[in-house]
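The letter at position 144 of the sequence shown is residue 144 when you use the UniProt record's numbering, and the numbering goes up by one with no holes.
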Amino acid sequence: MSALPNLASILDATVAATRIFEMIDRKPTINSTKEKGRILKHTRGEIIFKEVEFSYPSRPDTPILQGLNLKVQACKTVGLVGGSGSGKSTIISLLERFYEPTCGEILLDGHDIKRLHLKWFRSLIGLVNQEPILFATSIRENILFGKEGASMEDVITAAKDANAHDFIVKLPNGYETQ
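Have a look at this one:
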């Protein structure tokens, strides 16, 4: 039996495997465990994207965002709305510093977020995805997923803020319901 008819598939698989290993071997540019960076004593919460440009590292020649200018006023709730592939998730990934912009800057109250303590900064962000993510565990543990080290009082407060507390306490196991 000849391997010739399968040669194109073998070459495609080799190229794909090479790309996968390149991604696995890539060193992250953002160290999320680093304990350095500024912690602001007071925050208003104003977010500004100034002339932000971005391409994913796996596709550096494909611009995703070009010259993005966006101002989110302090104490405002914002919804990012747009079609599939319009950059909504990319904006959030940049804000949470999973990636760095190729150009431009992102500011919190006038401070470049690159200079802020990463864990502290991420703890300020509240995000509601399009699709809720629930884990196969208790309601309490699902709520705790949103804030490490939260107390049961914090869990109840969060449930009340989401108008879910009254529903939860009526369940047979309350917050321990799975």
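Every residue gets a Cβ at the ideal spot worked out from N, C-alpha and C, and that includes glycine.
{"Asked": "Once the 5 residues before and after T43 are set aside, which same chain residues still bring their CB inside 7 Å of it?", "Found": "L108, D109 and L124"}
{"Asked": "Once DSSP output is grouped into helix, strand and coil, what is the label at L70?", "Found": "strand"}
{"Asked": "What's the gap between the Cα of S58 and the Cα of H117?", "Found": "27 Å"}
{"Asked": "Tell me whether V155 is buried or exposed, calling it buried when 16 or more other Cβ atoms sit within 10 Å of its Cβ.", "Found": "buried"}
{"Asked": "Inspect the beta-carbon positions of G113 and F49 and report whether they are closer than 8 Å.", "Found": "A small correction: the amino acid at residue 113 is Ile; Gly does not occupy that position in the sequence shown. Taking 8 Å as the Cβ cut-off, I113 and F49 do not qualify as a contacting pair."}
{"Asked": "Under the DSSP definition of a beta bridge, which residues are partnered with D112?", "Found": "L107"}
{"Asked": "Okay, do the stretch 82-95 and the stretch 53-68 touch, 3+ Cβ pairs below 8 Å being the bar?", "Found": "yes"}
{"Asked": "Just how far apart, CA to CA, sit S84 and T90?", "Found": "11 Å"}
{"Asked": "By the DSSP assignment, the beta strand (DSSP E) with I47 in it spans what residues?", "Found": "I47 to F54"}
{"Asked": "Should P101 be labelled buried (16 or more other beta-carbon atoms within 10 Å of its own) or exposed?", "Found": "buried"}
{"Asked": "May I have the straight-line CA-CA distance separating I168 from L40, to the nearest angstrom?", "Found": "36 Å"}
{"Asked": "Please name the residue in I64, G87 and I139 whose C-alpha comes closest to that of H165.", "Found": "I139"}
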